[in-house]
Structures are given as structure tokens and as C-alpha cells.
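Below is one structure, written out as C-alpha cells; the observations come after it.
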């Protein structure tokens, strides 16, 4: 499906050989604005910036070219006899705190007048630009590709006075990316995608094999019958899925924690960082868009309607190139200082529209993924429901095949019905762990009474029977649905809340109603019901009854006895976090403060409660410290300065790699696990704050 959408979008959009219009920010200093000599009419007001990275054949190789269109209220004098100074152009292109290229030159050598004025060959001393429109350009040679980093260029124009006054100051940030095709992972940023997906799959396989190995001797017997072997395999699988051995074996719990879902949770957290509406550098979005899979976001077309192909966004897509008529000829002139090559492909990361604030928070991440902001909720929830439906279909199919095989096998052997087919009023209680028996029937099917299958079928139709209490299929299905809710509770909450904030001009009324229903059912209703069931079920049954473990175990099987209600804190934390991220897009600073409070409260609750079972290897206190210290960056609310780029880059590195690596190694440690409160060890990120 994704490939079809990619192919169709490529046909519609074609090659992105169009100059890019990039955003910019005014950086005029307060000192200039408060100077008594400041005259607003002399100011050069930049109205648009065209940018591209290309080689124009001048021997300088690839260069970042910026062509600025502006206007001024008075005639611009390029040189004066009074001070013997000229109007000066200063520009510096940098990555974080490192300068890539810096230049100080005569402004008149880079400026062109508008049509119908004829092009002027300005010199350092002969330069008079009439009031009105003007354009000027700069070029910064690039020694490297600088993929997935933000190149920040500050452009200043100083007048001829002494001391000099600023006539203009503009900051322009661009992020080069490699055109690897629509729907791709942005070149080597795809490592994050494959690392997170591969690590999750690896954990699932390794932990699953460990659970099966621990349950291998469950229900051993002395028999060579084929059907007995099949039932034994079912017994082992049911025991492994339920996680009943986690409570009995600290070694298994230590080996099995953290698990696959913890990898997914952490990947979701990395993607959620990009959803906070602070001024992240642009390079954050193409990188963290590779973690959006954990939020069920993909560049696909299943929910966007008939014109979905046209409604996709690809970050190399550019708006139509419509330069001002007064500068069209100069922009196309290869000898002009503002020359832009209209045939060069765009390699700069682009957001859908300006001046709308789609360059931060959820709209920005949506653009990096390739979606419109109003499609985030539909994409996430439709994928979630599709996974739920697939789980139901697969479970019912396995259930039917199991029932059919058991019926055939028991008919051939003319023995006791193996799958517990009893009358509707048949007995049979919940299955609990007990001493091993030589036959799996005493463990897996204790409520089955011996009766002839042939006689039963002769006297009663199939509608008079049911898969009785001894069948675990219903409990396994219930447990799998609980796992799905745990895995995707946070993204469903985030996008449901975000859909509330979109006006009817952006989102349809039906989508807003569905978002409200989704929030009420999936975010609040079902979690409350599950916590109620855990609350009203005796602790002994929660940890000893196999059927209960299968159905509800994913909520608490990593917690110790008496700490099963800690699962309620998980849902509460997700609801609070999801509501803040989804509904708080108007203020990134407010989001950061509230999320910091939530993280502090979660850290305190975890430190006081200490819910983990004996042997659990989560070291969650360290992870919470890492997350709390990371969010000090969010409180700043602005990452435009160079030093913050370094800190942010290090922060993302720690978030996306340190946690995974530490826990991956800790699973193979044979040191004893310290129980009770522990003092967090310093992490790499602590030295940065």
C-alpha cells in the first residue's frame, strides 16, 4: 500500500526541480531599535528568501545560495565621503557553534535594483539603490554534504555611519536531506527505524524463547499418542504466554526485562519529543520521523479519501516558484548575484506552508512523515483497529482449527473429548498452577468428565455445545487485546486530543466526534474497566490462575505481589501526557512545564512504590532521571542558538541509544539484583545540563 502511494505521488509531483522558498527570522538587535539615530525608513525589510544547494559551475563546488527580496523606504547610499565607509554585508553560515563559511564584503557587490531599472555594475564606491524594492544574494561554499544537520546563516547589513547601524538582520536555517525517494527514511536517519524495529523484534524473540524454555516441563507425561503431544505443546504455549513463570523465577524475570514493549514505549517517547511544540531545529523532524512507526504513523493513503495522493506531503516538495516580476530576469541570469538555478533539484527539508506555524510540534512531524495534520488521528486509529481486527480473525481461526482437530482426533480414538466440550451448564473452574501431573489433562482440562464423544454427538447438535472452561483461547485473545491497548494507548490518546483542537475548517465534524468516542472508550473507558477487574480479583488468583494471567497478566506480570494496581499509574501517566501533547500545541513552553511535572510525579510514585517483581532488571529510576533531565531542554523553548544545538544533539543521542544499550547489556549481567530503593547512578546526559 505504501509503495502504491509512493508511485502515484511520484507521478503527480514529478521532479522537485524548483527553487525553495525558506522561512526566515528577523534578528535586528534591541540596541539598534533603541538607538536615537535609528530611522525605520532606512531599514531593509526582507520579504522573501529563495534558497538552494547547487553547483553553478563557478569553480566553488556546491554552495548554499540565498537570494533575498526586500524593500526600503529611502535611497540606499553605498559609500559616503563623510566617514569613508561603505555599506557592509556580513554573513556567516554555521552548524551549531562551528562556522562553515564567513564573509564580510561590500553590500553593493551583491545587490540588484528592480525592473524596469537596468542592471547596474555597482562598485564599492559607486552605489545608489533607489527606494522601493531591491534584492541581494549570498553564497556559502559547502565542503561537505551536511546531511540532516541544520545550516544556520545570519545575514547583516551595516550602514556607512560610525559607529555603524544595522540596516537589516536576518536568520535563515535550512536542513539538507538526500532525495532517496518518496516515503523513504531520509538516508542514514533510517538507522533509527531499523534499530528500533530490529531491537523490538529481537527482544520479542529472545524473551519469547526464554518463556517457552521455562515452561518446557509444564505438563510432562509418559505417552506416545500424537494428540497428547499437540496438547502438551498447547500447555507449554499457554504457560509461556501467560508469564506465570515470571513470578516463580527471578532469573527469568531478570532476563525478560526489559521486554519488547519497553523498546516500543521508549521509541514512542522519542517520537513524542518531536510532537512538543518547542522550536526544535529542523533536523529533529526527519530524524525522529523514523520513530513515528511506534505511533502507527506511516506515509500511506488508507484514510484520506479519493484525492489522497494529492493531499500527501513530501518534505522535498516545494511550493510553486513565482518570483516577483521585478526580479525574474535577474534570478534567471547566471551572472547575477541573486541567480537561482530553476533546474536544480530541491535538497532542503521543507514544511507545507508559511507563515502558518506548521514548522513545530505535531504538524511538523506529520509533514516529515508525509501526512496532513488532520490525518494523524485517522491514520493512527484506523491502523490500531486494523491490528485489533487482525488479532480477532487470527484468534478465531486458530480456535476453529483447534476445535476441528480435537474433534477429529477424539473421534478416531473414541476417548475423552480432549478440548473440554461440555454441556452449556457444565462445570469447570479456573485453572491454577499446581503440582505437575503425568498427563496434561489434569492441568489444562481439569473440569472435563469422561463421556463418549460419539454418544454426545448422537444425542445433541453442535449448537448445544461450547468450548468450555478448559479452553484458553478466549483468555489468550483477551490478553492479546490488552497488550495492544498497552502498546498504543499513548498515541491513541495524543491524536484523539489533538483532533479536538483542530477547527472545523481543518478537520471534519465526523472526525472530531470519532476522536471524542476514541478518547472516551480507548483512553479512559477500557483502562478503567481493566483496573476495576484487577482491583476486584484476589491477589492469589491474579498470580496463580493461568486463565487470569492469560487475560489480565500483561497489565501486572512484571510487578510484585500486591503491586498490581501500579498499572493504573501507567494509564494515568499516558492520559496526562497524551492530553498535554495533543491539546497543548499552542504553547510549547507550557507543554514542557506540565510534562516535567508529570515526569517528576511519576518518578516519585515509582521510587516510593517500587512495584517491580523480585529480579526485575528495569533500572527505571535511571531512565526517569534521563527523561527528566532531557526535559530541561524543553523548558528553554528555543533551540536556535548554536550551543543549544550541541546540547540537543547530545540529548537525542542519549535518548535514542543509551537507554537501549544499557538495558541490552544489563540483561546478561550475573550480579545479584539489589532490592529496595537505589540511588541513581550518573548518566551521560547529566554532564550536559
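Numbering (mature numbering (1 follows the signal peptide of the UniProt record, and there is no 0)), first residue to last: -17 to -1, 1 to 672. Just so you know, even glycine gets a beta-carbon here, dropped at the ideal spot from N, CA and C. All values derive from a computational prediction rather than experimental measurement.
Partner residues in the beta bridge of residue 152, as assigned by DSSP, are 139. Judged by beta-carbon spacing, residue 538 lies within the 9 Å limit of residue 513, meaning their Cβ atoms are closer than that value. The closest CA to that of residue 357, considering only 57, 486 and 371, is found on 486. Exposure of residue 376 is indicated by the presence of fewer than 16 other C-beta atoms within 10 angstroms of its C-beta. One thing to note: residue 472 has its Cβ within 9 Å of the Cβ of residue 557. When secondary structure is reduced to three states using DSSP, residue 82 falls in the strand class. Within the stretch 491 to 544, the complete alpha helix (DSSP H) segments of 4 residues or longer fall at 492 to 501, 509 to 519, 522 to 527 and 529 to 539, listed in chain order.
Contact check for residue 240 against residue 592 fails: the beta carbons are separated by 9 Å or more.
Straight through space, the alpha carbons of residue 352 and residue 283 are spaced by roughly 10 Å. In the DSSP assignment, residue 119 falls within the beta strand (DSSP E) that extends over 115 to 124. Beyond the five residues adjoining it in sequence on each side, residue 349 comes within less than 6 Å, by CB distance, of 356 and 359 in the same chain, given in chain order. Judged by their CB atoms, residue 197 and residue 237 are not nearer to each other than the 9 Å cut-off. Under the three-pair Cβ rule at 8 Å, the stretch 571 to 589 counts as touching the stretch 255 to 272. Residue 276 and residue 119 have their alpha carbons spaced roughly 43 Å apart. In the displayed model, residue 199 falls within coil according to three-state DSSP, outside both helix and strand. Counting C-beta atoms within 10 angstroms of its own C-beta, residue 142 has 16 or more neighbours from the protein chains shown and is therefore classed as buried. Residue pairing by DSSP places residue 55 opposite 27 and 115 in a beta bridge. Residue 490 and residue 566 have their C-alpha atoms roughly 14 Å apart. For residue 482, the enclosing alpha helix (DSSP H) has its first and last residue at 456 to 484. Residue 547 is positioned such that its CB atom lies no closer than 9 Å to that of residue 481. With fewer than 16 other CB atoms across the displayed protein chains lying within 10 angstroms of its CB, residue 199 is exposed. In the structure shown, the three-state DSSP call for residue 568 is coil. The beta carbon of residue 322 is closer than 8 Å to those of 39, 48, 50, 120, 313, 314, 315 and 316 in its chain, skipping five residues each way along the sequence. In the structure shown, residue 301 adopts coil according to DSSP, grouped into three states.
Nearest to residue 131 by alpha-carbon distance, out of 174, 191 and 98, is 174. Only residues of its own chain outside the window of five on either side were considered, and among them 243, 246, 247 and 250 have a CB closer than 8 Å to the CB of residue 183, listed in chain order.
Listed in chain order, the non-local C-beta contacts of residue 193 below 8 Å within the same chain comprise 235, 238 and 239, local neighbours out to five positions each way being set aside. Taking residue 31 as reference, the option from 13, 140 and 54 with the minimal CA-CA separation is 54. Within the same chain, Cβ atoms closer than 6 Å to the Cβ of residue 43 are found at 124, the five residues on either side in sequence being excluded.
When C-alpha distances from residue 536 are compared across 223, 45, 301 and 9, the shortest belongs to 223. Separation of the CB atoms of residue 61 and residue 90 is rounded to 7 Å, and the pair is thereby assigned contact status at 8 Å. Ranking 584, 73, 225 and 331 by CA distance to the CA of residue 525 puts 225 first. Minimum Cα-Cα distance from residue 494 among the listed residues 133, 520, 503 and 479 corresponds to 479.
Taken through DSSP and simplified to helix, strand or coil, residue 109 comes out as coil. Taking a C-beta distance under 9 Å as the contact criterion, residue 324 and residue 4 do not qualify as a contact pair.
A straight-line Cα-Cα distance of about 5 Å links residue 78 and residue 134.
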